[in-house]
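Take a look at the structure set out below.
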Amino acid sequence: MQSAQTSFENIRKDFPILARTVRENKTLVYLDNASTTQKPNQVIDAINDYYRNHNANIHRAVYALAEEATELYEQTRDKVANFINVKNRDEIIFVRGTTEAINLVAYAWGRAHVKEGDIIVTTEYEHHSNIVPWQLLTQEKGAKIEYIGMDDNGELILDDLDKYLATGKVKLVTFSLMSNVLGTISDADAIVSKCKEAGVLTLIDGAQAVPHMKVDLDKLGCDFFAFSGHKMLGPTGIGILWVKKSVLETMNPFHGGGDMIREVHKYETTWNDLPYKFEAGTPNIADVIGLGAAIDYLSKIGMDNIRQHEIDLTTYALEKLSLVKGLHVYGTKDITKRGGVISFNFADVHPHDVAQIIDAEGIAVRSGHHCAQVLMERLNVAATSRASFYIYNTKEEVDKLINSLNKVAEVFKL
Ligand SMILES: Cc1ncc(COP(=O)(O)O)c(C=O)c1O
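Here the sequence shown stands for residues 544 to 957, numbered as in our numbering.
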C-alpha cells in the first residue's frame, strides 16, 4: 500500500481524459463519478493489449491464444475474489453490471423461491435497478414489495425492517451499501444480522460502495452481492454477481446457451459447473481483463487510502457548500456514515439550470432523479444536483464547483 500523499499527487496523469478541455477551453472538472468513472491508462492498455495480442474465445480451444485469453479472463476472477474477500472463486459470476446481477437473482433465484403472499423488502433510497426487478417478480408471483423508510438525515429506519421480519413472510431483504444520491452508508451489519436471525436472505447492492471503500464479503455475511466495473475505473459492460455457494446451488440458470451446459440432448440438458452455469455464451472477455487492471490499480493505492481521500474531500466540500447562499444539501453530515456523493438543491432553481450554468465552467455534475424516483418522492422533489468524487478529484476542483455555485446564486438572486 502506498502512502496516501504520494499516490494521490500522481494519480491524475494516469487519466488522459482529465487533461482535455471542454466548452470554452475550460479544464474538465469531472464530478459525476457516481454515474461512471474515468479510466486510467493501465485499464485502457490492458484492453488494447488483449485485442492486439491475445484475442481468442475462452474455455473452448487448446491453441496458444485461447489458453492465454482464458488465463487472463480467469485471473480476473481471482482478483475479484481477493478484492472483496471471497474464498471460493466459483461463487463469482461475470455479468454486465449491477443491473444484470440483480435481474439474474430476481429471475434465477426469485422465480424458484418466491411465492404468493411472500414479501421482498427493499429501501426508499434504492436505485431503480434494485426496485424494478422486484416489482416484476412480486407482480408475477402475487407477492409484495415493501420499503424500509428513510429518516430526514438520509438514514434507514431499521424499525421498519423489524416490523416486516415479524410477519414471517419476508423472503429477501435487499439494500444498497451506499446510496447513489445521498451517499449514506447503510448499517449492513445490523441489517444482515437481523435477517440472519429471522432466517431471511440478504442481497447487497455494492455499486457505490465497492469503488470507494474496503468491502469484505466474508465479514458482511450476506447471501448475494452485486457491483459494476465502470464505477471503479473499469470498462462499461462488466460487473460482478457474488452468491453464497449454498444458495447458488439452489438456483436455476438465467440464460441458456453455449458454455453453461455439460451435455445437450434433444430433450434435456445438464448444466456446467459453477460459476459457468451462469455465464452463457461468449462473455465480455476484454472488459473482464480491463476490470482486472482496474482492481490492480485500486489495490495499489489501497482502499483505505481511497476512503480517507474521499472523507477529506467530502468534509471540505460540505463545509464550503454550507456557505453558498440558498443551497440545501441532503443527507447526513456525519462523515463516518456517508461517502463522497453530495446531492443539493437551490430553492426554486431547477437542477438542470444549475448543471447548465456550471457546465459552462467545464464542471460536470449530474442533475435529475439519478434513477431513484422513490427517493425523490420521499424528499418531495423532482430532481437534485449531484456532485460525486473519486480518487483523482482535488480540493481545487471543489473550489471551482463552489465558485460556480456562487455564480448560480448570483444569477438567480438568492
Ligand atoms: C446504487 C446503484 N445500484 C445500481 C446501479 C446500476 O448500475 P449499472 O448501471 O452499472 O448496472 C447504480 C448505477 O448508478 C447505482 O448507483
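Heads up, the beta-carbon is just placed ideally off N, CA and C, and yes, glycines get one too.
Using a threshold of 8 Å, state whether the C-beta atoms of residue i and residue j are closer than that.
{"i": "residue 704", "j": "residue 734", "result": "yes"}
{"i": "residue 841", "j": "residue 582", "result": "no"}
{"i": "residue 763", "j": "residue 747", "result": "yes"}
{"i": "residue 723", "j": "residue 780", "result": "no"}
{"i": "residue 829", "j": "residue 590", "result": "yes"}
{"i": "residue 652", "j": "residue 665", "result": "no"}
{"i": "residue 619", "j": "residue 769", "result": "no"}
{"i": "residue 551", "j": "residue 934", "result": "yes"}
{"i": "residue 915", "j": "residue 908", "result": "no"}
{"i": "residue 622", "j": "residue 761", "result": "no"}
{"i": "residue 744", "j": "residue 663", "result": "no"}
{"i": "residue 680", "j": "residue 731", "result": "no"}
{"i": "residue 674", "j": "residue 718", "result": "no"}
{"i": "residue 564", "j": "residue 571", "result": "yes"}
For residue i, I'd like the list of residues in its chain whose CB is within less than 6 Å of its CB, leaving aside the five on either flank, ordered along the chain.
{"i": "residue 900", "result": "951"}
{"i": "residue 696", "result": "875"}
{"i": "residue 609", "result": "599"}
{"i": "residue 850", "result": "756"}
{"i": "residue 790", "result": "766"}
{"i": "residue 742", "result": "none"}
{"i": "residue 544", "result": "Since pLDDT at residue 544 reaches only 47, below the 50 mark, its modelled position is unreliable, and no value is offered."}
{"i": "residue 794", "result": "651, 652"}
{"i": "residue 862", "result": "none"}
{"i": "residue 655", "result": "795"}
Count the other CB atoms, across all protein chains shown, that sit within 10 Å of the CB of residue i; report buried if there are 16 or more and exposed otherwise.
{"i": "residue 694", "result": "exposed"}
{"i": "residue 822", "result": "buried"}
{"i": "residue 758", "result": "buried"}
{"i": "residue 947", "result": "buried"}
{"i": "residue 576", "result": "buried"}
{"i": "residue 689", "result": "buried"}
{"i": "residue 929", "result": "buried"}
{"i": "residue 646", "result": "buried"}
{"i": "residue 943", "result": "buried"}
{"i": "residue 562", "result": "exposed"}
Please check the pair residue i and residue j, which I expect to be a contact at CB under 8 Å, by giving their CB distance rounded to whole angstroms.
{"i": "residue 755", "j": "residue 883", "result": "7 Å"}
{"i": "residue 798", "j": "residue 835", "result": "Between residue 835 and residue 798 the Cβ distance is about 23 Å, and since that is not below 8 Å, they are no contact."}
{"i": "residue 729", "j": "residue 699", "result": "6 Å"}
Whose C-beta lies closer than 8 Å to the C-beta of residue i among residues of the same chain, with five residues either side of it excluded?
{"i": "residue 871", "result": "887, 888, 889, 890"}
{"i": "residue 857", "result": "726, 878, 881, 882, 883, 885, 932"}
{"i": "residue 792", "result": "817"}
{"i": "residue 659", "result": "684, 685, 686"}
{"i": "residue 820", "result": "796, 803, 814"}
{"i": "residue 865", "result": "872"}
Suppose the cutoff is 7 Å on Cβ atoms and the five residues either side in sequence are ignored; what does the same chain contact list for residue i look like?
{"i": "residue 854", "result": "878"}
{"i": "residue 624", "result": "632, 635"}
{"i": "residue 787", "result": "634, 766"}
{"i": "residue 749", "result": "720, 758, 768, 769, 770"}
{"i": "residue 868", "result": "952, 957"}
{"i": "residue 805", "result": "813, 814, 815"}
{"i": "residue 569", "result": "904, 905"}
{"i": "residue 559", "result": "584"}
Do we get a CB-CB distance below 8 Å when we pair residue i with the residues of chain D?
{"i": "residue 593", "result": "The structure shown has no chain D; it contains just one protein chain."}
| Residues proximal to ligand 1 by C-beta, any heavy atom closer than 5 Å | Having a Cβ closer than 5 Å to some heavy atom of ligand 1 are 640, 641, 642, 670, 672, 719, 723, 748, 750, 751, 771.
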